[in-house]
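Step one of this worksheet: look at the structure below.
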Amino acid sequence: MHISEGVLSPSVLVTGAALTAAGCGIGLKKLDYDRVPQVAILTSAFFVASLIHVPIGPSNVHLVLNGLMGLLLGWPAFPAILIALFLQALLFQFGGITTLGVNTFNMAFPAIICFYLFGYAVKGRNNLISNGAAFACGFFAILLGSLMVAISLAFTGDPFVGIAKVVVIAHLPVMIIEGLITLFSAGFLKKLKPELLEVVHAKR
Amino acid sequence: MPKGSPLRTNRLSPISWSMILLLVVMFVSASHALAHRVILYAYVEGDRVFTESYFNDGKRCQNSRIEVLDMSGEKLLEGKTDNNGEFSFNPPKKTDLRIILTASMGHRDEYVIRAGELPDGTEGKARGSEPHQIEKKVLEAEKGGEKETPSSQLTRLEVEQIRTTVEGTLDEKLKPIMRLLAERQSEGISFVGVVGGIGFIFGIMGIILYFRSRRGR
Chain U
334 MHISEGVLSP
344 SVLVTGAALT
354 AAGCGIGLKK
364 LDYDRVPQVA
374 ILTSAFFVAS
384 LIHVPIGPSN
394 VHLVLNGLMG
404 LLLGWPAFPA
414 ILIALFLQAL
424 LFQFGGITTL
434 GVNTFNMAFP
444 AIICFYLFGY
454 AVKGRNNLIS
464 NGAAFACGFF
474 AILLGSLMVA
484 ISLAFTGDPF
494 VGIAKVVVIA
504 HLPVMIIEGL
514 ITLFSAGFLK
524 KLKPELLEVV
534 HAKR
Chain D
6 MPKGSPLRTN
16 RLSPISWSMI
26 LLLVVMFVSA
36 SHALAHRVIL
46 YAYVEGDRVF
56 TESYFNDGKR
66 CQNSRIEVLD
76 MSGEKLLEGK
86 TDNNGEFSFN
96 PPKKTDLRII
106 LTASMGHRDE
116 YVIRAGELPD
126 GTEGKARGSE
136 PHQIEKKVLE
146 AEKGGEKETP
156 SSQLTRLEVE
166 QIRTTVEGTL
176 DEKLKPIMRL
186 LAERQSEGIS
196 FVGVVGGIGF
206 IFGIMGIILY
216 FRSRRGR
């Protein structure tokens, strides 16, 4: 999901950077400073998750964890993902510095969408709905992320449908795995530390 | 669970522990599984340029587009990698070659082959110019008064021949070493990198909390 340097046109890069800057602004404003350690832990998890390679499927993909980030952090997922991607670009040459804005937006924006779509359902009392929502949160965060990547690439002139097909199919195993990870994480949190899920929503 | 709840609020958050555990598990599984980046590597052998392209974990980039440009950005040729992620071509002219690999999903890498690495006689034009130069040198030398004997001219040609043979053999012998070097260089993930990155993140957290705590006072 990391778009390399030199692939995208400058206008896409600038748009991505601007959107990411706006997202980070909102994220920092909404950040409850008592939760900074939690944000840091999730940032580390996101940072390391990309090193986990998913060998299933036609292409070379890795975990992203943006659904879980969105679910647990809300808007602060933006600065968190930005920092993690910056370090990945710097230390592992995943993506790149110029594509940082686009890549951050491609992963953080789906996180926010899923947070709004599924956040309330996940913390609901009904276990079945809650679990389903958590799975959907992880699943759709990757699906939307793949579509975002396809949209970014489509601006360089390649046909959108073709790229979208490739990216979505490649990430299908990851979608399912991330759905399960989000499901178990959310279920675990609800049992042990339900206020973690509550606070985010109180802060909206 | 009403029984456990008052206890739990006082405990050091179990979720932190579980997340740390998650990190550890990820880290362990990450050590043998590399992620997402493409690597292009090219070398000259004989009068052809060979390219190899693969993902970070060693999987080959099949059917990916390879473009060859000169340094001014003019496209010289393009092609697709085969099932082994390989592609080879005859350099159309002796110049610095910028080889660009575009794999699926926005992955891209570049490799530059300098003109000096290319064989002298890559193409008709280039080959034509080379003996001409030697002849010219000989003529100049003759003009300068130092008349060269035919035998010295012969040695010169022999030297030329020996050089190309040696170069060819060296290319062959050095190929695995060059590949090893390229692989070593492109292996982005290291233990130090992973731990360092996590350290950075917690360092940033520390800075934020530090300023936060000062403001609170």
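For the record, the sequence lines run as chains U and D. One gets my numbering by counting positions in the first sequence from 1 and adding 333 to each. One gets my numbering by counting positions in the second sequence from 1 and adding 5 to each. For each residue, glycine too, the CB sits at the ideal point set by N, CA and C.
9 Å Cβ cutoff, residue i in contact with chain U
i, result
"threonine 127 of chain D", "At threonine 127 of chain D, the pLDDT of 47 sits below 50, so the modelled position is not reliable; the number obtained from the coordinates is stated separately. Closer than 9 Å: no."
"methionine 76 of chain D", "no"
"glutamate 79 of chain D", "no"
"threonine 56 of chain D", "no"
"valine 117 of chain D", "no"
"glycine 84 of chain D", "no"
"valine 73 of chain D", "no"
"isoleucine 203 of chain D", "yes"
"arginine 103 of chain D", "no"
"serine 69 of chain D", "no"
"proline 97 of chain D", "no"
"threonine 107 of chain D", "yes"
"isoleucine 182 of chain D", "no"
Coil, strand or helix - residue i by DSSP
i, result
"threonine 169 of chain D", "helix"
"lysine 64 of chain D", "coil"
"arginine 53 of chain D", "strand"
"glycine 84 of chain D", "strand"
"glutamate 91 of chain D", "strand"
"leucine 123 of chain D", "coil"
"isoleucine 336 of chain U", "coil"
"glycine 211 of chain D", "helix"
"glutamate 79 of chain D", "coil"
"serine 377 of chain U", "helix"
"glycine 198 of chain D", "helix"
"isoleucine 430 of chain U", "coil"
"glycine 400 of chain U", "helix"
"glycine 490 of chain U", "coil"
"serine 109 of chain D", "coil"
"lysine 98 of chain D", "coil"
Strand pairing of residue i, partner residues [DSSP]
i, result
"isoleucine 104 of chain D", "D:Val73 and D:Tyr116"
"histidine 386 of chain U", "U:His395"
"serine 58 of chain D", "D:Leu45"
Residues that residue i contacts on chain U, provided the C-beta gap is smaller than 7 Å
i, result
"leucine 214 of chain D", "Val369"
"arginine 113 of chain D", "Ser337, Gly339 and Val340"
"arginine 217 of chain D", "Tyr366"
"arginine 42 of chain D", "Gln426 and Phe427"
Beta carbon proximity, residue i to chain D, threshold 9 Å
i, result
"valine 347 of chain U", "no"
"leucine 433 of chain U", "no"
"threonine 376 of chain U", "yes"
"alanine 519 of chain U", "no"
"valine 500 of chain U", "yes"
"isoleucine 416 of chain U", "yes"
"valine 482 of chain U", "yes"
"alanine 441 of chain U", "no"
"alanine 354 of chain U", "no"
"alanine 474 of chain U", "no"
"alanine 503 of chain U", "yes"
Delimiting residues of the alpha helix (DSSP H) encompassing residue i
i, result
"glutamine 421 of chain U", "410-425"
"glutamate 511 of chain U", "493-525"
"phenylalanine 473 of chain U", "460-487"
"leucine 352 of chain U", "343-363"
"methionine 440 of chain U", "433-455"
Under 8 Å by beta carbon: chain D residues contacting residue i
i, result
"phenylalanine 438 of chain U", "None at all; the shortest Cβ gap to chain D is about 14 Å."
"alanine 373 of chain U", "Ile206, Phe207, Ile209 and Met210"
"leucine 420 of chain U", "Gly202, Phe205 and Ile206"
Amino acids of chain U, ordered along the chain, whose beta-carbon sits closer than 9 Å to that of residue i
i, result
"glutamate 199 of chain D", "Glutamate is not the amino acid found at residue 199 of chain D; the sequence shown has valine there. What valine 199 of chain D touches in chain U: Phe380, Val381, Leu384, Leu424 and Phe425."
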